[in-house]
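In terms of my numbering, the sequence shown opens at residue 12 and continues consecutively.
The beta carbon of each residue, even a glycine, is placed where N, CA and C say it ideally should be.
Here the structure is a predicted model, which is why all the values come from computation and not from measurement.
For reference, the structure discussed in these notes is given below.
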Amino acid sequence: EGNCEENLINNVLGRLKQSLSIALVHFYPLAGRLATKIEENPKSHFVFVDCNNSPGAKFIHAAVDLSVSDIVSPTYVPLVVQSFFDHDRAINYDGHTRPLLSIQVTELVDGVFIAQGDTNLKISRPPVLEKWFPEGHGPLLNLPFTNQDELISRFEAPELLERIFHFSAKSIAKLKERANTESNTTK
């Protein structure tokens, strides 16, 4: 049985990696890293996605000795769940040193948790192609800082208590019906 489960997870991981590689053909900037170029004369800073000098998107496979029930049953989400997200506490500037896209597959005792993290770049929002292939890229904008310390302010955030809410399909259908009625739509 153990070998069968190992084959299953290896098959799932292989398919996910293959799907990711196909997706990155179309969304290739997500395989890049941020880079900052500083010009002295005239003084200017600009940030861009460097697709050539990057190790690419990150794919992580991890395992933890927890069950799905251990995660979804408690009143509050266990703190260990933060470790399921590679970009937990990351800020946009971290895209200079961390992948712009990270996929983490965490094997549980009785299931799998798949998390995606990105550095919240504008390239992740439509219209994507206009951002990659503009009709004229316009003037470069001089960023209003001369040192990254002027831009970045990290702090230790207070511990937040997170909860998972469970809704039945029937409850969701009622909410949807109510929203559609109030909005005069059938979406």
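How long is the line joining the alpha carbons of residue i and residue j, rounded to whole angstroms?
{"i": "GLU118", "j": "ASP129", "result": "21 Å"}
{"i": "ILE134", "j": "ALA74", "result": "Caution is warranted here: a pLDDT of 48 is assigned to ILE134, below 50, making its placement in the model unreliable, and the coordinate value is therefore given only provisionally. Going from the Cα of ILE134 to the Cα of ALA74 covers about 31 Å."}
{"i": "GLN115", "j": "CYS15", "result": "22 Å"}
{"i": "LYS187", "j": "SER179", "result": "12 Å"}
{"i": "ILE208", "j": "PRO40", "result": "Nothing in the structure corresponds to residue 208, since the chain is present only between 12 and 198."}
{"i": "SER80", "j": "PHE59", "result": "43 Å"}
{"i": "THR196", "j": "LYS185", "result": "14 Å"}
{"i": "ASN191", "j": "ILE175", "result": "25 Å"}
{"i": "GLY25", "j": "ASN18", "result": "10 Å"}
{"i": "LEU111", "j": "ALA101", "result": "10 Å"}
{"i": "ILE71", "j": "GLU173", "result": "24 Å"}
{"i": "ILE183", "j": "PRO85", "result": "22 Å"}
{"i": "LEU171", "j": "ILE163", "result": "22 Å"}
Ordered along the chain, which non-local residues of its own chain (more than five positions away) have a Cβ less than 6 Å from that of residue i?
{"i": "ALA42", "result": "LEU35, GLY67 and ALA68"}
{"i": "SER113", "result": "LYS69, ASP97, HIS98 and GLY128"}
{"i": "ASP61", "result": "GLY43, ARG44 and ALA46"}
{"i": "SER65", "result": "GLY43 and ARG44"}
{"i": "ILE125", "result": "VAL116"}
{"i": "PHE38", "result": "none"}
{"i": "GLU193", "result": "none"}
{"i": "VAL83", "result": "ILE175"}
Checking the sheet assignment: what are the DSSP bridge partners for residue i?
{"i": "HIS199", "result": "In this structure the chain extends from 12 to 198, so residue 199 is not present and cannot be described."}
{"i": "LEU45", "result": "VAL60"}
{"i": "THR117", "result": "ALA73 and PHE124"}
{"i": "SER1", "result": "The shown model of the chain, from 12 to 198, leaves out residue 1, and the question about it has no answer."}
{"i": "ASP212", "result": "Any question about residue 212 goes unanswered here, given that the chain covers just 12 to 198."}
{"i": "ASP99", "result": "Looking at the DSSP assignment, ASP99 forms no beta bridge with any residue, so it has no partner."}
{"i": "LEU35", "result": "According to DSSP, which records beta bridges pairwise, LEU35 is partnered with nothing at all."}
{"i": "LEU112", "result": "ASP129"}
Going by DSSP, what residue range makes up the alpha helix (DSSP H) through residue i?
{"i": "ILE82", "result": "79-83"}
{"i": "THR192", "result": "180-194"}
What residue does the beta strand (DSSP E) around residue i start on, and which one ends it?
{"i": "ILE71", "result": "69-74"}
Would you say the beta carbon of residue i comes nearer than 8 Å to a heavy atom of the ligand GTP?
{"i": "ILE82", "result": "With respect to small molecules bound, the structure shown includes none, and the ligand GTP cannot be examined in it."}
Within the same chain, show all residues whose beta-carbon is closer than 7 Å to that of residue i, passing over the 5 residues directly before and after it, in chain order.
{"i": "ASP121", "result": "SER78 and VAL79"}
Skipping 5 residues on each side, what residues in its chain have a beta carbon closer than 8 Å to that of residue i?
{"i": "LEU27", "result": "PHE70, ILE114, VAL116 and ILE125"}
{"i": "LYS198", "result": "ASN191"}
{"i": "THR108", "result": "ARG44"}
Chain C beta carbons: is any one of them nearer than 9 Å to that of residue i?
{"i": "ALA126", "result": "Annotation note: the requested chain C is absent from the structure, which comprises a single protein chain."}
Check your understanding: Three or more beta-carbon pairs under 8 Å between the segment 46-55 and the segment 88-95, yes or no?
Key -> Verdict: no, contact absent.
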